[in-house]
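Residue numbers (my numbering): 1382 to 1851.
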Ligand code: SAH
Ligand code: SF4
Ligand code: F3S
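Printed below as a string of structure tokens:
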């Protein structure tokens, strides 16, 4: 275990649960069932954190609602990855002034990655007086205590001190979806890519003990979960801070050995730490989805160096070649940044050529957004905004054409998919590689794996029909 990681004791967690009991008693005493609304921005890690926040609120007696209007507690779980994400939060937070005026006992909290930045906390203190409490990701587990203080003392409260990071087990959790579940296997990041704010707001890498992860997975599967997505900013460095002597591939294999019919996915893999052992482990198990999200960020080795990514174009392409050779049907997705400071036209063209070479099923494309406190924010950036937009549009056009062609090739194939929901009159399902399929069928099929024949495609999704009619 990383020497700076603190393990939150059982007693400390139980103390938080006693605040839940106290808050619950407060509402019961008033014969009120209070309502809570949790709004989530950002990545799956935040989605998973919101499930904990809802779990704690439920333990305090709150019923969840899907609207801030009339809610007794509003929690904004925020993302700081790009400026646009932050602007959305500030806009929506501003709008809550009116909502709170109509329901004066409403308490408003801001948490998540934005709450880990000093300048954001200062701005909230100064310009958003209707916010009652702020807590950073390090203090998420202390939310019951913060809520109790706000309710009983009535003063604005901040739990935002920076910390190396902790591991907390045993917090209540209210999952959005039990058919498909998120399981965090580690927290934080040590990579310090020069553009990225995450290591500053989520602290250093720390892994949960494998026994705790396995126990959580086992319970989920026993209760009917069919798809588990393992979460971490860089799952490939799982276990490096533990003394268990196991790595991410070992963990995957151990989860796959749990009896039951289910599929394991994971994200995100950093190309620096992904390798043959991981791909061989994936190839060897039917329970591990043949899907890989392997962000490359740029096709230029010079830019990758400036990003502090610790791999170059050649190493990345070698990895992909190996992964495809052992998993022929592999669905590959990635993240890419356009307009990193100093990126030249030629370097951008290297990104385009990498995409054309790899042929991703889908790409998440971003324009570089300077983040205060990161090295890249101070780098010279002579490329005008219009030029970055042009590169971005070209990148999207190239990728969309590839996605469309790849999807067309699905037509006529029959594949085992998990039917996971409904969309208007249709059922939705996911292929093993995670591609969305829409099909007609009885809603009582939701929750089952079924063979689906693909009959049509667009850039972003597929249509199909049940191979064996109901
Ligand atoms: N841990 C993951 C990524 C988490 S952030 C990984 O390393 O792959 C998700 C994506 O946001 C990143 O992969 C990157 O493409 C993008 N991103 C991060 N910081 C950004 C910034 N400052 N500007 C634009 N895009 C950024
Ligand atoms: Fe950010 Fe890099 Fe860590 Fe991913 S690996 S979270 S991009 S610093
Ligand atoms: Fe955003 Fe934090 Fe995730 S910055 S992308 S919510 S780790």
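Just so you know, even glycine gets a beta-carbon here, dropped at the ideal spot from N, CA and C.
Judging by CA-CA distance, which residue of the options is the nearest neighbour of residue i?
i: residue 1791; options: 1738, 1818, 1424; result: 1818
i: residue 1800; options: 1698, 1624, 1607; result: 1607
i: residue 1805; options: 1795, 1823, 1481; result: 1823
i: residue 1710; options: 1588, 1443, 1671; result: 1671
i: residue 1849; options: 1514, 1826, 1842; result: 1826
i: residue 1495; options: 1562, 1427, 1446; result: 1427
i: residue 1764; options: 1675, 1729, 1679; result: 1729
i: residue 1744; options: 1719, 1646, 1645, 1473; result: 1719
i: residue 1646; options: 1586, 1639, 1663; result: 1663
i: residue 1771; options: 1747, 1742, 1845, 1575; result: 1747
i: residue 1687; options: 1490, 1575, 1535, 1474; result: 1575
i: residue 1619; options: 1566, 1604, 1640, 1661; result: 1566
i: residue 1795; options: 1750, 1640, 1452, 1847; result: 1847
i: residue 1749; options: 1678, 1436, 1595; result: 1678
i: residue 1417; options: 1504, 1610, 1661, 1488; result: 1488
i: residue 1559; options: 1586, 1547, 1601, 1543; result: 1601
i: residue 1548; options: 1499, 1717, 1832, 1385; result: 1385
i: residue 1616; options: 1798, 1605, 1659, 1599; result: 1659
i: residue 1733; options: 1759, 1774, 1700; result: 1774
Exposed or buried, which one is residue i when buried takes at least 16 other CB atoms within 10 Å?
i: residue 1778; result: exposed
i: residue 1423; result: buried
i: residue 1510; result: exposed
i: residue 1904; result: The first residue shown for the chain is 1382 and the last is 1851, placing residue 1904 beyond what the model contains.
i: residue 1396; result: exposed
i: residue 1786; result: exposed
i: residue 1412; result: exposed
i: residue 1399; result: exposed
i: residue 1465; result: exposed
i: residue 1821; result: exposed
i: residue 1651; result: buried
If I measure Cβ to Cβ from residue i and keep anything under 7 Å in the same chain, skipping five residues before and after, which residues do I get?
i: residue 1657; result: 1703
i: residue 1693; result: 1682, 1685
i: residue 1781; result: 1840
i: residue 1530; result: 1538
i: residue 1612; result: 1425, 1426, 1429, 1563, 1564, 1565, 1566, 1648
i: residue 1449; result: 1418, 1455, 1477, 1480
Does residue i come out as helix, strand or coil in the three-state DSSP assignment?
i: residue 1598; result: helix
i: residue 1390; result: coil
i: residue 1838; result: strand
i: residue 1798; result: strand
i: residue 1504; result: helix
i: residue 1703; result: helix
i: residue 1401; result: helix
i: residue 1694; result: helix
i: residue 1732; result: helix
i: residue 1760; result: coil
i: residue 1557; result: coil
i: residue 1618; result: helix
i: residue 1827; result: coil
i: residue 1781; result: helix
i: residue 1567; result: strand
i: residue 1549; result: coil
i: residue 1629; result: helix
i: residue 1382; result: In this predicted model, residue 1382 has a pLDDT of only 48, less than 50, meaning its place in the structure is not dependable; the value taken from the coordinates is given anyway. Residue 1382 falls in the coil class under three-state DSSP.
i: residue 1805; result: coil
Cutting at 8 Å between CB atoms, please list the residues of its own chain near residue i, excluding the five before and the five after it.
i: residue 1434; result: 1419, 1456, 1458, 1492, 1521, 1524
i: residue 1469; result: 1422
i: residue 1755; result: 1575, 1576, 1577, 1578, 1581
i: residue 1838; result: 1785, 1788, 1789, 1791, 1792, 1844
i: residue 1639; result: 1595, 1598, 1599, 1602
Please return the same chain residues whose Cβ sits closer than 6 Å to the Cβ of residue i, not counting the five positions on each side in sequence.
i: residue 1369; result: Outside the displayed range of the chain (1382 to 1851) lies residue 1369, so it cannot be described from this structure.
i: residue 1539; result: 1515
i: residue 1393; result: none
message: Could you tell me which whole beta strand (DSSP E) segments of length 3 or greater appear in the stretch 1644-1688?
response: The stretch 1644-1688 is shown to contain whole beta strand (DSSP E) runs of 3 or more residues at 1644-1648, 1672-1674, in chain order.
- request: Give, in chain order, every unbroken run of the beta strand (DSSP E) that is at least 3 residues long and sits entirely within the stretch 1421-1509.
  value: Correct list: 1454-1459, 1488-1493.
message: I'd like the ranges of any alpha helix (DSSP H) spanning at least 4 consecutive residues and lying wholly in the stretch 1504-1545.
response: The stretch 1504-1545 contains these whole alpha helix (DSSP H) runs: 1524-1534.
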